[in-house]
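The structure appears right after this line, and notes come after that.
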Amino acid sequence: MTANAAPLLRLDHVGKRFGGLQAVHNLSFDINEGEILGLIGPNGAGKSTLFNLINGVFPPNDGRIFFSGIDITGQPPYQVARHGLARTHQIVQPLTNMTVLANCTVGACFGRENLPLHRARQIALEAVKIAGLDDRREMLALQLTIAGKKRLELARALAARPKLLLLDEVLAGLNPTEVEHMIGVIRRIRDSGVTILMIEHLMQAIMSLSDRVVVLNFGEKLAEGRPAEVATHPQVIEAYLGDPKLAAELEGHA
Amino acid sequence: MVRRPFFWIIALVIAVFAALPAIGNNVEMRESLVLACVYITLASNLNLMLGYAGYINFGSIVFFGLGGYICVWLVYAHNWPLLPSLLAAGFGVSALALIFGLGILRLRGHFFALATIGIVEGVQAFAENFSPWGGSSGIYISPAVFKPFGGAAEALWVIYFAMVAVMGASLYLSYGIKSSKFGLGLLAIGQNEDAAAILGVPTPFYKALVYCISAFLPAITGGLYFFKSAFIQPSDAFDLTLSTEAIVICMLGGQGTVTGVALGAFLYEELRGYLLTSPTFADFQLTIAGVLLLIIVLFFPSGLMGFIYSRFPRTQKVLE
Amino acid sequence: MLGFIASIIDGVLVGLVYGLAAMGLTLIWGVMDVINLTHGAMIVAGMMLLYLLASALGLSPYLILAPSLIGGFFAGIALYWIAIHRMTGRPPLMSLLSTFAVNLVLVGVGTAVWGTALFNVEVSVPGFSLGRYTFPGPHILAAVLAAVIAVGLYFFLHHTRTGKAMRAVANNREASELVGIPTTRLLAISVGVGVALATVSGTLIGTLFPYTILSGDSYELKGFIVTVLGGFGNPIGALVGGVALGVLEGAVTPFVPVSWTLVIEFALFVIVLIAFPGGIFTRRRGGL
Ligand SMILES: Nc1ncnc2c1ncn2[C@@H]1O[C@H](COP(=O)(O)OP(=O)(O)OP(=O)(O)O)[C@@H](O)[C@H]1O
Ligand SMILES: [Mg+2]
Chain A
-11 MTANAAPLLR LDHVGKRFGG LQAVHNLSFD INEGEILGLI GPNGAGKSTL
39 FNLINGVFPP NDGRIFFSGI DITGQPPYQV ARHGLARTHQ IVQPLTNMTV
89 LANCTVGACF GRENLPLHRA RQIALEAVKI AGLDDRREML ALQLTIAGKK
139 RLELARALAA RPKLLLLDEV LAGLNPTEVE HMIGVIRRIR DSGVTILMIE
189 HLMQAIMSLS DRVVVLNFGE KLAEGRPAEV ATHPQVIEAY LGDPKLAAEL
239 EGHA
Chain B
15 MVRRPFFWII ALVIAVFAAL PAIGNNVEMR ESLVLACVYI TLASNLNLML
65 GYAGYINFGS IVFFGLGGYI CVWLVYAHNW PLLPSLLAAG FGVSALALIF
115 GLGILRLRGH FFALATIGIV EGVQAFAENF SPWGGSSGIY ISPAVFKPFG
165 GAAEALWVIY FAMVAVMGAS LYLSYGIKSS KFGLGLLAIG QNEDAAAILG
215 VPTPFYKALV YCISAFLPAI TGGLYFFKSA FIQPSDAFDL TLSTEAIVIC
265 MLGGQGTVTG VALGAFLYEE LRGYLLTSPT FADFQLTIAG VLLLIIVLFF
315 PSGLMGFIYS RFPRTQKVLE
Chain C
37 MLGFIASIID GVLVGLVYGL AAMGLTLIWG VMDVINLTHG AMIVAGMMLL
87 YLLASALGLS PYLILAPSLI GGFFAGIALY WIAIHRMTGR PPLMSLLSTF
137 AVNLVLVGVG TAVWGTALFN VEVSVPGFSL GRYTFPGPHI LAAVLAAVIA
187 VGLYFFLHHT RTGKAMRAVA NNREASELVG IPTTRLLAIS VGVGVALATV
237 SGTLIGTLFP YTILSGDSYE LKGFIVTVLG GFGNPIGALV GGVALGVLEG
287 AVTPFVPVSW TLVIEFALFV IVLIAFPGGI FTRRRGGL
């Protein structure tokens, strides 16, 4: 972490309640330009909720969120998108009756650069290629397999040319070859200068991809640091003990 | 746009509409095409909401009726000439739509649809109680208003050509929006509004804008239509049947397509004309519209154009 | 003061009937998130049954409630299979269009047969007087029956196997299927019950006011408002919403012409919806 660079995204004591449930509690951390930050935690820890807070699906109950120094707390999603923040969904949200290319064109048109239609199409074509959907670009989104829809999520977010990309479990449900390919894609996206915040349950993948990792449990930050540090953190291991398989993976990796 | 074949297809349709009845001075054909123009105009503009943005508007007739009232009232009570009255109707109704829209477009799906039913009821009740508009007995205008056109017969022709022009403008509007960034955003809203917003589509603004735009041309056509009849009353101006038929037409032709909706309107009008003159079916217009809608919704949700596209995939490139 | 009390009582009496008229709509809405746009037509079907049986056979209006209930139930089952079943998994607006289409057919046939004639079924039940105000017997009886039906429906939903299963389906259709609840059958039954409530309320309303083939619309519109006020699929809530509406109508009548009440009610509907965007509704949607 370089001390002089302002963080790209800053969470300042952010909290969110759903009725009686405190889904995210008093959460603060920064994301620096150019890094891949992994966000892990057991099911229901509040990871996806945090994404929803960041990109404005609902406002936080407490705290503030800053993006490139601008306070974006409570801004609606379409404004947040304009600042250069794009995301994928854990549960895919394709524009079902539109082609893959049209899906991505929407991303490009209304993303950070607010492009006119013909320019957006070119960007969309590039994004489709990067995500490996070139051969399927004229297909309707609803005709894609689940793996295809995950790629579409990624392609669409990329087409927005974001500064920060939020990836919510893009590897879940993919087979090992597809995972390999996707990891390569994510690396290349980072190398092109995009900062990435990613949620992932696949420990091996996240530990090898991330520069730093934040661990959430019951909406609170349990640990933050380099992957190797986090993996040996006793509280983290304890939190994952409820999930023996993940715990084993975590220890195996350390 | 001018270089696309579809641009010229629309131009051809307009030319045919204008020329066919004019050639033999065929008044009967003209009157039947007047209705076709009304249907195409109403359905095409409804399609902007229903087919593009995915919002069911049960109250599209309000635009037509209010446009009619504003125009007829300006002519009758203030002696305005036709053209400024029409423009006032168009802009006035669009402004109202914008105001209503900012309110009710915060409602999603079901609730928006229900609120539009409420708007029809509300506006009709308003017209029935509003004495400057003659309450429930409406407004008659004297045939003298046709004088500036050189007499009633000439006036009817002028109005007809104006209605054809408005119909053509509706088709170009549908086409233009569909091939624009605005249209892409609307289609995205229609598919998945939450996803669209996250991709950056300014959903509240786009929805209000399309609702407002979809009011303009129907209001002008309403003005022309009721000026032509020289009479307007609430039960004609806000006849829920016409709203219903506009929905049936969109579904019949294929919601979201420009060609389909125009074709659907034309076919529906012909069918209706036939049924109305046949003694057995004359009373069953609503029933038949209902059966038709049910069959389409159940079995052919993508309508006529869906069928054509799937049988002849190459038509997708030409017919929007 | 007496006048005020009288108009409140009147509002409550009429409101209970509004609540009953809305109950079927809100039940179907709550169980499967379908807005049954045939609701108004079904209310009129109950009214026409009353007219036919009472005038042709001379049956007592209150006896006709039984065939109205049974007929409505089967009409609802038919409606489910024709217009709703195939809409599962399609965009939610499609069920709006399919029930709207059936509504057009029903209203179309009705107007073709009966035109817009006004029907009136005379019922004589002794009323009740408060000073110079008299509350007609049929109104009191209808209000009492509405309350009884609401309590019966509440009991059905909370204390019978079928009713409990219906609530389970409303809460989570997939999960209910997993634990072996026959969801399709239950959805069909829900629509049956919902439509039976519509026809019964129609028969009952027919004993109170004159009506035409198109009278169902205004009760359907009131049904939307009652649903929004009283919550989804909750029979007692529907009564409360209905009474709120009835009292409101009674309260505004001295100040505005009758033709405006519907407009005011709809403005209320939209305002409530906008004031709680999603709020009171989404929490209740798909849950009883
Ligand atoms: N819109 C909502 N309304 C009510 N509760 C919600 C909502 N969204 C999430 N929750 C609750 O908040 C908690 C955190 O959910 P979240 O989806 O953020 O978990 P997660 O960490 O992403 O889990 P997973 O790994 O399973 O995706 C859960 O208990 C969930 O039920
Ligand atoms: Mg999640």
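Chains as they are written, first to last, in our numbering: chain A, -11 to 242; chain B, 15 to 334; chain C, 37 to 324.
Using N, Cα and C, we set each Cβ at its ideal position, and we do this for glycine too.
Please list, in chain order, all residues of the same chain as residue i whose beta carbon is under 7 angstroms from its beta carbon, the five residues on each side excluded.
i, result
"B/G127", "The question names Gly, but residue 127 of chain B is Ala in the sequence shown. Here the set comprises I70 and F72."
"C/E213", "T219"
"C/G10", "For residue 10 of chain C there is no data in the structure shown, the boundaries of chain C being 37 and 324."
"C/R321", "Residue placement at C/R321 is flagged as unreliable, the pLDDT there being 38, under the threshold of 50; the coordinate-derived value follows with that caveat. Contacts found: D69 and F268."
"B/T258", "A303"
"C/Y190", "P271 and I272"
"C/P162", "G173"
What do you get for residue i, buried or exposed, if any count of 16 or more other CB atoms within 10 angstroms of its CB means buried?
i, result
"C/V157", "buried"
"B/V86", "buried"
"A/R107", "exposed"
"A/G8", "exposed"
"B/S324", "exposed"
"A/F46", "exposed"
"C/G266", "buried"
"B/A167", "exposed"
"B/Q330", "exposed"
"B/V52", "buried"
"B/G287", "exposed"
Under DSSP, the beta strand (DSSP E) around residue i begins and ends at which residues?
i, result
"C/Y169", "Y169 to F171"
"A/N163", "First-last for A/N163: undefined, no H or E at that position."
"A/Q67", "No beta strand (DSSP E) contains A/Q67, which is instead part of the alpha helix (DSSP H) from P65 to G72."
"A/R200", "R200 to N205"
Between the options, which has its C-alpha nearest residue i's C-alpha?
i, options, result
"A/L204", "A/S36, A/A148, A/A69 and A/I19", "A/S36"
"C/M123", "C/A148, C/A81, C/T170 and C/V70", "C/V70"
"B/I309", "C/L140, C/A102 and C/Y247", "C/L140"
"B/S188", "B/F78, B/A50 and B/I227", "B/I227"
"A/R214", "A/G120, A/S180, A/S16 and A/L27", "A/L27"
"C/G277", "C/L101, C/E301 and C/P290", "C/E301"
"B/Y239", "B/S156, B/S58 and B/Y174", "B/Y174"
"B/R18", "B/G190, B/F219, B/E283 and B/F252", "B/G190"
"C/I307", "B/Y154, B/A141 and B/L119", "B/L119"
"B/N61", "B/Q138, B/P327, B/L231 and B/V172", "B/L231"
"A/F6", "A/G172, A/R178 and A/L41", "A/L41"
"C/E256", "C/S43, C/A57 and C/G39", "C/A57"
"C/A119", "C/L223, C/L101, C/N208 and C/A303", "C/L223"
"C/T263", "C/T62, C/L93, C/V205 and C/S295", "C/T62"
"A/H1", "A/E226, A/Y228 and A/K209", "A/K209"
With a CB to CB cut of under 6 angstroms and the five nearest residues on each side skipped, what residues in its chain are close to residue i?
i, result
"A/L155", "T76 and M186"
"A/A61", "Looking at the sequence itself, residue 61 of chain A is Thr, so the reference to Ala does not match. R52 and I53, listed in sequence order."
"C/A111", "V231"
"A/M127", "V88"
"C/L95", "L89"
"C/G252", "G76, A77, I79 and V80"
"B/F77", "V107, A229, P232 and A233"
"C/A179", "L49 and L52"
CB-CB under 8 angstroms to residue i, same chain, minus the five flanking residues each way: which ones, in chain order?
i, result
"B/A210", "G199, A202, I203 and T217"
"B/I84", "S99, A102, A103, G106, V107, A233 and G237"
"A/E141", "T76, H77, V80, Q81, P82 and V158"
"A/E212", "F17, R200, V201, V202, V203 and V218"
"C/I225", "I113, T198 and M202"
"C/G315", "Note on C/G315: pLDDT 36, under 50, position unreliable in the model; the coordinate value appears next. Once the five neighbours on either side are set aside, C/G315 has no close Cβ partner at all."
"C/F317", "For C/F317, the pLDDT reaches just 38, beneath the cut-off of 50, and the residue's location in the model is therefore unreliable, leaving the point undetermined."
"C/I100", "L85, L86, L89, A90 and T239"
Taking residue i as part of the alpha helix (DSSP H), name the residues at either end of that continuous run.
i, result
"B/E284", "V272 to T291"
"A/H1", "Counting along the chain, A/H1 falls outside any alpha helix (DSSP H), though it belongs to the beta strand (DSSP E) covering L(-3) to F6."
Residues bridged to residue i by DSSP?
i, result
"A/I53", "A/L(-1)"
"A/Q10", "A/R5"
"A/K137", "None, per the DSSP bridge assignment."
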